[in-house]
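There are 2 protein chains.
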Amino acid sequence: MGRKPTGRPTSFDIAYAAGVSQPTVSRALRGDRSVSEKTRQKIEQIARDLNYTVDKNASSLRSQRSNTIALLFFEDPTPDETMINPFFLAMLGSITKATADEGLDLLISFQRMEDDWHVQYQDSHRADGLILLGYGDYTKYRERMDQLARQGTHFARWGSVSSDSSGVTVGTDNVEAGRLAGEHLLDQGRKRIAFLGHADDHYPEFNGRYRGLCAAMRKAGIEPDDSLQVDALTTEEEGRQAAKTLLDRGAEFDAIFAASDLIAIGAMRALADAGLSVPGDVAVVGFDDIPSASMTTPPLTTVMQDIRGAGQILVETLLAQVEGRDLPPRKLPGKLIVRGSSVA
Amino acid sequence: MGRKPTGRPTSFDIAYAAGVSQPTVSRALRGDRSVSEKTRQKIEQIARDLNYTVDKNASSLRSQRSNTIALLFFEDPTPDETMINPFFLAMLGSITKATADEGLDLLISFQRMEDDWHVQYQDSHRADGLILLGYGDYTKYRERMDQLARQGTHFARWGSVSSDSSGVTVGTDNVEAGRLAGEHLLDQGRKRIAFLGHADDHYPEFNGRYRGLCAAMRKAGIEPDDSLQVDALTTEEEGRQAAKTLLDRGAEFDAIFAASDLIAIGAMRALADAGLSVPGDVAVVGFDDIPSASMTTPPLTTVMQDIRGAGQILVETLLAQVEGRDLPPRKLPGKLIVRGSSVA
DNA sequence: TTTCTTGTTGTGAACGTTCACTGTTGTTTT
DNA sequence: AAAACAACAGTGAACGTTCACAACAAGAAA
């Protein structure tokens, strides 16, 4: 029936069987409206019978569109390489769904920041665009992003939304979310609120959360105490260390707002080790609402980010960019999830 | 410099700049040894200067090899679509690493079992092979796998290792792991051990774990009591329900071996609700060692699967298959992680 | 009737590689 | 010194689509 006795059928085989030309097959299967309904159905039927599928490579090569996006996690190297930040893992689920809804394929990669790989994804036509998820020292990533932007690579990033970085960014309104957390703690009568997490511009998301907390405190007539802010990255261990530092210093505090749940969980361990009760002695609020947050004792109060919305908006934003119409950066609201760690 | 005033450089541009023919460029960049060292270096240099990368689509089209594998999660539909089983999420990390090490790209998809999509991944030349991760009613998946095998699709699956299913499977030695868990509980002096999880052939992994438990008990001279086995799927809620069923029934038991950590966590909640202490009244052992397992109170004793090894072996196995040499199925050992939920 | 649409299909080329051969050197063997 | 063989590079075609354009029919407008 086909030209070749062996191998997968091609559009030529379908065309032959349907008695039309090969490009007509291509058009029909793509849903091009210039093909009559009758021939389209006939072609679709034959394609199904012969178990034919369009060759993705040939299609992408010719059309210069891969209908694929690459999801790149970039982070500072960690000891355990296969361990992924739980928050981004959740994001992955949402992005997968969003890409599937748009009929896109999703490539993923966890290349470390040292590698140049991510730069090549679009150049090599593997993907039409990139979604970047990352954490760690922001200033290190900026350079890469500028490079990507210069090369005309399409990408959308999850992170702190500001105008100073190249590329479109989607992220939670961290300042507002920090304010929510702060107000909640103040409502519980807490007055000396510690912040665990880096608070300088190298970590703009954490910085925003801290600024939100400070704003809430000032509004309540309390001047934030800088000595209650301790640097920490998003790991349980750093959270434990940070809380320990605070305790060793003899600092007085009745609440902790941690920049992430992992930090909060680590901090709770340190508090338990020191014989302090949560929320009795110290109320704790985290950020992210990772699955483990509800497993702790007491369950952790935290700020949930709109993960589902995030994935969808990231994909939308990226797709728009690929198609030449740029969408503006977007800020998503965070939502306070009150659990036992902050209320009596 | 090139033939075209605009757009990405092609291998022709590199060839022109290097004063060689275009196929030589292709050969050089592929590392073909029939290109002299000198010209290879020259070509590589020029390629770097011109920011050239090989077009993945053209390359894959011509060579009929995409150097990409697709990772497909298939599961029975759940209420929250973006929620992914934590164990498979961990597996994802390991598979990503393994594919990166082999220089492969990784496509992922969470298509539900209803869809036919997964069948098309290889046909459309998107991927050279498939890795299947899934849970739920096994008998439903068998049919699909037989279909894949019939079509000559290359795939490797994570799950229960047995000879009866088509395709190569890699998995933990569930019987042995179940025995480990059982022996541990028996060592703690427990005699009436309940099993929470489906134990019929529709769920061969859980079934293996149960058989292992039974074997350990018989070896210790205790005949397993069927009434202490309660069906449950891998969710916290089902675990809670299962434990509640057991309690409502007035069953006597001093230990629970849950077929997964999520089930175990749910069961611990039910025990707490009933005023029973862990491990005082009931010792609990889970399976998987998901991140949350160490967060519970008390921390959960569990069986850790060799996730890192799993990813590597799955990729190896699949790659071998693609290259025409079949590797045998593999069983990986599980490792007991003793925490507070099972020892006093 | 003639001309212009509109809808549908066919034609030839192009996307950017890799593959299978054919040449061309220069070196080794007989 | 002729023949044989490497080692390397070039030539033409092929992979399976999609694109731009031409061509044809049938009905509408002139």
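Protein chains in written order, with the working numbering: chain A, 1 to 344; chain B, 345 to 688. Glycine is no exception: its CB is placed at the ideal position from the N, C-alpha and C atoms. Bear in mind the structure is a predicted one, so any value in this text is a computation, not a measurement.
Delimiting residues of the alpha helix (DSSP H) encompassing residue i
{"i": "B/Y547", "result": "Note, B/Y547: premise wrong, no alpha helix (DSSP H); not H, not E."}
{"i": "B/L436", "result": "P430 to D445"}
{"i": "A/G266", "result": "D261 to D273"}
{"i": "A/G239", "result": "E236 to D248"}
{"i": "A/A17", "result": "S11 to A18"}
Rounded C-alpha distance that separates residue i from residue j
{"i": "A/E205", "j": "A/N174", "result": "6 angstroms"}
{"i": "A/Y135", "j": "A/G171", "result": "13 angstroms"}
{"i": "A/P5", "j": "A/Y16", "result": "Caution applies to A/P5, whose pLDDT of 42 falls short of 50 and renders its modelled position unreliable; the value that the coordinates give is listed next. Approximately 14 angstroms between the Cα atoms of the pair."}
{"i": "A/L50", "j": "B/L474", "result": "22 angstroms"}
{"i": "A/E37", "j": "B/A611", "result": "57 angstroms"}
{"i": "A/A199", "j": "B/E388", "result": "44 angstroms"}
{"i": "A/T245", "j": "B/P642", "result": "26 angstroms"}
{"i": "A/G2", "j": "A/A18", "result": "Any reading at A/G2 needs caution, since the residue's pLDDT is 33, under 50, leaving its predicted position unreliable; the model's value is listed next. Near 12 angstroms, if we compare the C-alpha coordinates of A/A18 and A/G2."}
{"i": "B/I634", "j": "A/D13", "result": "50 angstroms"}
{"i": "A/A251", "j": "A/E223", "result": "16 angstroms"}
{"i": "A/V278", "j": "A/T317", "result": "41 angstroms"}
{"i": "B/L644", "j": "A/R269", "result": "16 angstroms"}
{"i": "A/I265", "j": "A/S341", "result": "10 angstroms"}
{"i": "A/Q120", "j": "B/T397", "result": "7 angstroms"}
{"i": "B/M325", "j": "B/F417", "result": "Any property of residue 325 of chain B remains undetermined from this structure, which presents chain B solely from 345 to 688."}
{"i": "A/K56", "j": "B/A402", "result": "11 angstroms"}
{"i": "A/G7", "j": "A/L132", "result": "39 angstroms"}
{"i": "B/A341", "j": "A/F257", "result": "In this structure chain B extends from 345 to 688, so residue 341 of chain B is not present and cannot be described."}
{"i": "B/P677", "j": "B/V647", "result": "10 angstroms"}
{"i": "A/V230", "j": "B/T640", "result": "26 angstroms"}
{"i": "A/V343", "j": "A/A90", "result": "27 angstroms"}
{"i": "B/A664", "j": "A/H125", "result": "27 angstroms"}
Beta-bridge pairing of residue i - partner residues as DSSP gives them
{"i": "A/I193", "result": "A/A255"}
{"i": "B/I452", "result": "A/L106 and B/L415"}
{"i": "A/Q229", "result": "A/F195"}
{"i": "B/K386", "result": "For B/K386, which the question treats as bridged, DSSP gives no partner whatsoever."}
{"i": "B/K679", "result": "B/M648"}
Which of helix, strand or coil DSSP assigns to residue i
{"i": "A/V322", "result": "helix"}
{"i": "B/D625", "result": "coil"}
{"i": "A/R330", "result": "strand"}
{"i": "B/T646", "result": "strand"}
{"i": "B/A500", "result": "strand"}
{"i": "A/Q188", "result": "coil"}
{"i": "A/I182", "result": "The residue you asked about is not Ile; residue 182 of chain A is Gly in the sequence shown. Looking at A/G182 - three-state DSSP - the assignment turns out to be helix."}
{"i": "A/L50", "result": "coil"}
{"i": "B/D633", "result": "coil"}
{"i": "A/L276", "result": "coil"}
{"i": "A/I222", "result": "coil"}
{"i": "B/T350", "result": "Low local confidence applies: a pLDDT of 46 at B/T350 is under 50, so the model's placement there is unreliable, with the coordinate-based value given in what follows. Here B/T350 sits in coil by DSSP."}
{"i": "A/G136", "result": "coil"}
{"i": "B/G473", "result": "strand"}
{"i": "B/D490", "result": "helix"}
{"i": "A/V161", "result": "coil"}
{"i": "A/S60", "result": "helix"}
{"i": "B/S378", "result": "coil"}
{"i": "A/V343", "result": "coil"}
{"i": "A/S294", "result": "helix"}
{"i": "B/S370", "result": "helix"}
Residue i - containing beta strand (DSSP E), residue span
{"i": "B/A418", "result": "Correcting the residue identity first, residue 418 of chain B is Phe in this sequence and not Ala. Looking at the DSSP string, the run of the beta strand (DSSP E) that includes B/F418 is T412 to E419."}
{"i": "B/V514", "result": "V512 to T516"}
Any non-hydrogen atom of the ligand GTP closer than 6 angstroms to residue i Cβ
{"i": "A/Y138", "result": "As for the ligand GTP, it is missing from this structure, which has no ligand bound."}
Chain A within 7 angstroms of residue i, Cβ atoms only
{"i": "B/G351", "result": "no"}
{"i": "B/F499", "result": "no"}
{"i": "B/I387", "result": "no"}
{"i": "B/Q466", "result": "no"}
{"i": "B/I607", "result": "no"}
{"i": "B/P568", "result": "no"}
{"i": "B/P635", "result": "yes"}
Residue-chain proximity (residue i, chain B), Cβ-Cβ < 7 angstroms
{"i": "A/D101", "result": "no"}
{"i": "A/S63", "result": "no"}
{"i": "A/I69", "result": "no"}
{"i": "A/A58", "result": "yes"}
{"i": "A/G93", "result": "yes"}
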